[in-house]
Structure formats: C-alpha cells, structure tokens
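Below: one structure, written as structure tokens.
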Amino acid sequence: MTRVLVVDDEPQIVRALRINLRARGYEVDAAADGRAALDLAARRHPDVVLLDLGLPDMDGTDVIKGLRGWLSVPIIVLSARHASAEKVEALDAGADDYVTKPFGMDELLARLRAAVRRSAPAEEAAVVSTGTFTVDLAAKKVVRDGADVRLTPTEWHILEVLVRNAGRLVGQRQLLREVWGPTYETETNYLRVYLAQLRRKLEADPAHPRHLITEPGMGYRFEG
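Position 102, counted from 1, in the sequence shown is what my numbering calls 125; the numbers after and before it change by one each time, with no gaps.
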C-alpha cells in the first residue's frame, strides 16, 4: 500500500486529502509544520510527499532540501504561490511536481499516480544469496546453514539498506538517516556496534568480513 505524507497547516485541506486518499487505498500521514514533517518522514518512510510551501515554522523549500538529503521519493508541492520564480526554486530544491492552490482533486490524484509510477524501481531480485547466507527481501528474513537467523528490527533495516544498494558504497550519514532518522546522522558509533553484531551472525569469519565491508571514514558496502 502506498504511504502518502501530507504536509499542510490548513486542517480543511488535510481532511479533504486524507478522505480522498484513503478512499483510493492510500495510507496517509499528516504534519502541520516542517519539523513534524521531517520527523514523520524519518519514522514512517513515505512513498510520496504532498507539501505546502507556506508552513508556520519554516519555508517548504527548506523542508524539500531537508528531505532530499536522504529521501528520493516523489515530492509534489501544493501552494497558493503563483510566481514562476517560486515554482522554479521549489523544483530546483528537489520537488518533482507543482500544483497551484486551489486545485482539483482529480488532477492532483492523477499527478500523484504519475509520480508514483515514475518512481517505481526497476524490478529487483527478491532473494539475494551469498556463499554464507541468503537474504529474502520480500519475506524480510535471513537464512544461514538452512536455519533462520534472528535479527533485531534495527539489524534488519541496516542489512536491507546495504543489500538494496549491493556493490555501492552507502555513506555513514546516509545509513544513519535511513535507519534512525536525520537527527542521528553523527552517531557513527551506532553503526560500528550494529555492523559488528551483523557480522557475528552472518559472516563466516567476522574479523575478516567478505560481505559486510567497511570503507574506513566513508561508509559500508554489501558484496554478494
């Protein structure tokens, strides 16, 4: 089910969007200001964001920049601002589309569906196997030597991010943002602790890992 984060301080707009989106099978989270939006995005991992630019605590463009530091999902701006320069600024900050208020619900929903379609990832392997263990991304489980490996939710989240980016370096700050949220991106000690735990559970030789690789000072990489 597609999760939509609605960011708007006008209760009647939030209510209308919530009703219309839920009626069409979307899950909906709502935030009335920028800080709440950034916190919700970190905790709930939306698939698409509907964002008003005129928020009470910060400009919507700054929210876009904050989200784009770690989130790649579509962001559709909803705004009463008509000036083309403001539209360009929002798009340059990382928005994918811009809908001017007042808007027709049918048009907005069509734009939302199109944005979600464009962002759909290429089909990836649901099961990733190494010489030591197998990761089933769909079932959210890991098997080693024919037995399920018990991982904590945090261990699984770290492993999932690395496996989905197999062969690519995932920076420390990116990994911290994706797993714990943007306020934790300097807590690199968290990663050392959890990667050590994962290696003990998954690697044949945890002291010389073949699959969960550290790039000193930069981040981590999963190799199959």
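Cβ coordinates follow ideal geometry from the N, Cα and C atoms, glycine included.
Here the structure is a predicted model, which means the values were calculated and not measured.
Quiz item: Which class does Arg167 belong to by DSSP, given the choice of helix, strand or coil?
Solution: One-based indexing of the sequence shown puts residue 167 at position 144. Arg167 falls in the strand class under three-state DSSP.
Self-check item: Where Glu238 sits in the DSSP three-state scheme
Solution: Locating residue 238 in the sequence shown gives position 215, counting from the first residue. Taken through DSSP and simplified to helix, strand or coil, Glu238 comes out as strand.
Exercise. Taking all protein chains shown into account, decide if His234 is buried (16 or more other Cβ within 10 angstroms of its Cβ) or exposed.
Key: To locate residue 234, count along the sequence shown from 1; it is residue 211. Buried, since its Cβ has 16 or more Cβ neighbours within 10 Å.
Practice problem: Kindly confirm or deny that the segment 84 to 93 and the segment 155 to 166 touch, where touching means at least three C-beta pairs closer than 8 Å. | Solution: no
Quiz prompt | Spatial distance of Val202 from Thr177 (CA atoms) | solution = Translated into positions along the sequence shown, residue 202 becomes position 179. Translated into positions along the sequence shown, residue 177 becomes position 154. Cα-Cα distance, rounded: 7 Å.
Quiz item: The beta strand (DSSP E) with Asp82 in it runs from where to where?
Solution: Walking along the sequence shown from the start, residue 82 turns up at place 59. Careful: Asp82 lies outside any beta strand (DSSP E) and carries neither H nor E.
Exercise. Can you tell me which of Val27, Arg244, Ala54 puts its alpha carbon nearest to the alpha carbon of Leu135?
Key: To locate residue 135, count along the sequence shown from 1; it is residue 112. Checked all of Val27, Arg244, Ala54; the closest Cα to Leu135 is Val27.
Practice problem: Pick helix, strand or coil for Glu146, following the three-state DSSP scheme. | Solution: Taking the first residue of the sequence shown as 1, we reach residue 146 at position 123. Low per-residue confidence applies at Glu146: pLDDT is 49, beneath 50, and the placement is therefore not dependable, though the value from the model is reported in the following sentence. Coil, per DSSP.
Quiz prompt | Strand pairing of Glu50, partner residues [DSSP] | solution = Residue 50 sits at position 27 when you count from the first residue of the sequence shown. Paired residues: Arg26.
Quiz item: Secondary structure at Val37, three-state DSSP: helix, strand or coil?
Solution: On the sequence shown, residue 37 is found 14 positions in, with the first residue counted as 1. Here Val37 sits in helix by DSSP.
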